[in-house]
């Protein structure tokens, strides 16, 4: 409806990710600036209500029809940016809750095993199990979204679908209302302190809180187990992509409709779930560096599959277009999830108390920021190669160039020499040895 070309679409897709690159700010807000005495549920409610309003505004077709094309595009982009920011805020708050619950669950498991006189090895795997469960739930949501979005586009206009989407943030706000979270004021009174703490004094000193969290965050990133994988992931994720141009090729040249594209997203989300299961079953004992290396290496030939489509050589080989599209997306989705889960487990394991949301959000911001860089570089390359919504002459060369550049992060694999040689089970064992050493020293 906005009549955008491949380069413009790619540029906008990168812009829509921008709210996800400043997630540490949301973490600081959540950890250091409680709303109405709550650090988590109040922000979830706020994000849900504002997000629902944004999507509701996008669904108002008569409203946007009263503006000229340029104003309508600007307003639509701003509304989508706001809704993206609300989702990112909700994601940060949820991450903070998950990290806190991960630590609590692991400690409870250790206490129960200690009472029974059993070993503690299984309790150390609780963190990884909860992280995998949460990201599996996220993939399930993507699965449902992909299934319904493609089908709905066949019968409804895009702005009508925005109206349906507005219900989802309202559900988040409704669920947040049911959350059990002790208000900060009640928590202070329960400590037995003689001092009565009112709502304005709960945060004590905002500047000191921010300074303390910043120092904790800086200290965490001085650990090689954090900054080295983070830097490598940034380099890996920031490679240029031609997704926007290839999307126009699929729809305008091959004539694939929204229903088929929705089915592709559905199968890709399902493959993500399979990736989670494969990691938990087979890759917890594999070193992180090996997982990342072989995932990147295996992705290179798969990245060349679209070239068969753009040259139509697959028809000479008797391979249907749809078979190539499904196969490529499915395997890449599984590889991406298998490579990403070890970094999530590592991030959750080292988050210090009081700064959970900030640290985890920072790690995710690095990943999302790298994705934005890659998307914007891809948009520039799309324009440089002269690929438009109707001219795909140089699309093959654009795909080849982007795929070759995806290999350059392997030259920086030495960044993972120390922490990358450890698997998740290795980290579990190191945590167990460290705990035993602390217990021995205290006794």
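In the numbering used here, the protein residues as written are 1494 to 1936. All C-beta atoms in this analysis are idealised placements derived from N, C-alpha and C, irrespective of residue type, glycine included.
Span separating the alpha-carbon of residue i from that of residue j
| i | j | result |
| --- | --- | --- |
| residue 1756 | residue 1555 | 31 Å |
| residue 1881 | residue 1733 | 17 Å |
| residue 1616 | residue 1575 | With a pLDDT of 48 at residue 1616, under the threshold of 50, the predicted position of this residue should be treated as unreliable, and no value is reported. |
| residue 1748 | residue 1814 | 11 Å |
| residue 1641 | residue 1653 | 13 Å |
| residue 1712 | residue 1788 | 30 Å |
| residue 1647 | residue 1752 | 6 Å |
| residue 1781 | residue 1767 | 19 Å |
| residue 1566 | residue 1738 | 20 Å |
| residue 1820 | residue 1670 | 42 Å |
| residue 1833 | residue 1784 | 9 Å |
| residue 1562 | residue 1497 | 11 Å |
| residue 1572 | residue 1736 | 23 Å |
| residue 1893 | residue 1797 | 7 Å |
| residue 1750 | residue 1593 | 43 Å |
| residue 1883 | residue 1503 | 16 Å |
| residue 1729 | residue 1721 | 12 Å |
| residue 1707 | residue 1548 | 34 Å |
| residue 1688 | residue 1626 | Only weak support exists for where residue 1688 lies, its pLDDT of 42 falling under 50; the coordinates are left without a value. |
| residue 1559 | residue 1569 | 13 Å |
| residue 1887 | residue 1874 | 11 Å |
| residue 1521 | residue 1725 | 25 Å |
| residue 1546 | residue 1663 | 9 Å |
| residue 1855 | residue 1791 | 28 Å |
Check whether residue i and residue j have beta carbons under 8 Å apart
| i | j | result |
| --- | --- | --- |
| residue 1519 | residue 1585 | yes |
| residue 1533 | residue 1672 | yes |
| residue 1761 | residue 1830 | no |
| residue 1515 | residue 1544 | no |
| residue 1578 | residue 1512 | yes |
| residue 1552 | residue 1777 | no |
| residue 1896 | residue 1793 | yes |
| residue 1537 | residue 1665 | yes |
| residue 1636 | residue 1759 | yes |
| residue 1746 | residue 1655 | no |
| residue 1795 | residue 1807 | no |
| residue 1524 | residue 1853 | no |
Counted within 10 angstroms of its Cβ, other Cβ atoms place residue i as buried (16 or more) or exposed
| i | result |
| --- | --- |
| residue 1675 | exposed |
| residue 1907 | exposed |
| residue 1835 | buried |
| residue 1658 | buried |
| residue 1872 | buried |
| residue 1914 | exposed |
| residue 1650 | exposed |
| residue 1769 | buried |
| residue 1869 | buried |
| residue 1639 | buried |
| residue 1668 | exposed |
| residue 1500 | buried |
| residue 1889 | buried |
| residue 1719 | buried |
| residue 1878 | buried |
| residue 1634 | exposed |
| residue 1923 | exposed |
N-terminal and C-terminal residue of the alpha helix (DSSP H) that residue i is part of
| i | result |
| --- | --- |
| residue 1506 | 1499-1509 |
| residue 1799 | 1798-1803 |
| residue 1545 | 1534-1551 |
| residue 1773 | From DSSP, residue 1773 is part of no alpha helix (DSSP H); its letter is neither H nor E. |
| residue 1807 | 1806-1809 |
| residue 1554 | 1554-1558 |
| residue 1941 | Not covered by the structure: residue 1941. The range shown for the chain is 1494 to 1936. |
| residue 1672 | No alpha helix (DSSP H) holds residue 1672; DSSP gives it neither H nor E. |
| residue 1747 | Element bounds for residue 1747: n/a, residue is neither H nor E. |
| residue 1652 | 1651-1658 |
| residue 1524 | 1516-1525 |
Within-8 Å CB hit, residue i to chain C
| i | result |
| --- | --- |
| residue 1726 | No chain C appears in this structure, which consists of one protein chain only. |
Review point. Counting Cβ pairs closer than 8 Å, one from the stretch 1859-1872 and one from the stretch 1814-1832, do we hit at least three?
Key: no
Review point. Is the stretch 1731-1747 touching the stretch 1795-1806, taking contact as three or more C-beta pairs under 8 Å?
Key: yes
Review point. Would you say the stretch 1895-1902 touches the stretch 1522-1530, given that touching needs at least three Cβ pairs under 8 Å?
Key: no
Review point. Should the stretch 1863-1882 be called in touch with the stretch 1499-1515, which here means at least 3 C-beta pairs below 8 Å?
Key: yes
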